[in-house]
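For the sequence shown, counting from 1, position 59 maps to 59 in full-length UniProt numbering; every step adds exactly one. Data first, discussion second: the structure below is written as structure tokens.
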Amino acid sequence: MRAGGRAALVLALTLGACRARTPDVTATPDAGAGARALTADLPLPGCDVLLPPDLREVMLPGFTLKEERTCPTCGPLCTFRSTTEKDTSVSVAWDCNPRHTQADVKALMAPTLRAGGEEVPALGRAAVRRAPAQGMLQVMAWDDDTPCALVVTWLGADSDRALDVARSALVATTPAVLAPPQTAPDAGEP
Numbered sequence: 001m002r003a004g005g006r007a008a009l010v011l012a013l014t015l016g017a018c019r020a021r022t023p024d025v026t027a028t029p030d031a032g033a034g035a036r037a038l039t040a041d042l043p044l045p046g047c048d049v050l051l052p053p054d055l056r057e058v059m060l061p062g063f064t065l066k067e068e069r070t071c072p073t074c075g076p077l078c079t080f081r082s083t084t085e086k087d088t089s090v091s092v093a094w095d096c097n098p099r100h101t102q103a104d105v106k107a108l109m110a111p112t113l114r115a116g117g118e119e120v121p122a123l124g125r126a127a128v129r130r131a132p133a134q135g136m137l138q139v140m141a142w143d144d145d146t147p148c149a150l151v152v153t154w155l156g157a158d159s160d161r162a163l164d165v166a167r168s169a170l171v172a173t174t175p176a177v178l179a180p181p182q183t184a185p186d187a188g189e190p
């Protein structure tokens, strides 16, 4: 498969995994304290905030980063390419929405499990993994302290490292990181 075709396949699978497993967005969510709804005026922070450079250096040494926004209310799509293994790339995508805190994760995991995927124990609130193509591993995980679902797609050698990337991304995704920046009051105001 050509490099451009592989990248398109990774992007399609990543975005499809986020959209195909989310519950009805027309339901009125009650996310509880600390959760925030994502709208066009409150997007998720970028890859440098969600996956800081020091974490990336430990998690994916020798990989370059490219950030894309796939829609106004989605999180970033962080794509990493190995500088030493040209056919190895990793993507991390976030879907943060209060509906994830109330979603039945068993129901969200069911399509992947029916398609031959397997549940990953002790990873966030719930997680599944699947191998949609040879040399590719996709891990979908629902965070336990934020309203976020993450999809990590690894294409190339050593694809089991997708689990480590998912674990690191879940740990780095905290309520403090997702909080909108606070603006300081104007010094001239009483």
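Beta carbons are placed, not taken as given, at the ideal position from N, Cα and C, and that holds for glycine.
Look at Thr146 and Thr174 and say whether their C-beta atoms are less than 8 Å apart. Remark: C-beta atoms of Thr146 and Thr174 approach each other more closely than 8 Å.
Cβ shell of Leu79 (< 6 Å), same chain only, five flanking positions each side left out: Residue identity differs from the one stated: residue 79 is Thr in this sequence, not Leu. If you ignore the 5 residues before and after Thr79, its C-beta comes within less than 6 Å of the C-beta of Lys66, Ser91, all in its own chain and listed in chain order.
Given Ala141 as reference, the closest of Pro45, Gly46, His100 once Cα atoms are compared: Relative to Ala141, the option among Pro45, Gly46, His100 whose CA is nearest is His100.
Give the straight-line distance between the Cα atoms of Ala162 and Ala93, rounded to the nearest whole angstrom. Distance between the alpha carbons of Ala162 and Ala93 is about 13 Å.
Inter-residue Cα distance where the pair is Arg125 and Asp143: CA-CA distance, Arg125 to Asp143, rounds to 5 Å.
Need the endpoints of the alpha helix (DSSP H) that Ser168 sits in, please. Secondary structure note for Ser168: its alpha helix (DSSP H) is the uninterrupted segment 161-172.
Simplified DSSP assignment, three categories, for Thr112: Note: Thr112 maps to helix in three-state DSSP.
Please report the residue range of the beta strand (DSSP E) in which Pro76 lies. For Pro76, the enclosing beta strand (DSSP E) covers residues 76-82.
With C-beta atoms as the reference, is Met59 less than 8 Å away from Ser159? No; because the gap between Cβ atoms is not below 8 Å, this pair is not in contact.
Continuous beta strand (DSSP E) stretch holding Leu50: start and end: Premise fails: Leu50 lies in the alpha helix (DSSP H), 47-50, not in any beta strand (DSSP E).
Select from Thr83, Pro98, Pro121 the residue whose C-alpha is nearest the C-alpha of Cys74. Measuring from the Cα of Cys74, the nearest candidate turns out to be Pro98.
So, at 7 Å on beta carbons, what are the nonlocal neighbours of Val177 in its own chain, with the 5 sequence-adjacent residues on each side left out? Take Val177, set aside five residues on each side of it, and the residues of its chain with a beta-carbon closer than 7 Å to its own are Pro45, Val49, Leu50, in chain order.
Tell me whether Val120 sits in a helix, a strand or coil according to DSSP, three-state version. DSSP places Val120 in coil when its eight states are reduced to three.
Hey, how far is the Cα of Ala8 from the Cα of Val151? Summary for Ala8: the model assigns pLDDT 39, below 50, so the residue's position carries little reliability; its value from the coordinates is reported in the next sentence. Distance between the alpha carbons of Ala8 and Val151: 16 Å.
What number of angstroms, rounded off, separates the C-alpha of Ala107 from the C-alpha of Ala115? One C-alpha to the other measures close to 13 Å.
Measure from the alpha carbon of Ser89 to the alpha carbon of each residue in Ala172, Asp95, Val165, Ala179, then state which is nearest. Ser89 has its Cα closest to that of Val165, out of Ala172, Asp95, Val165, Ala179.
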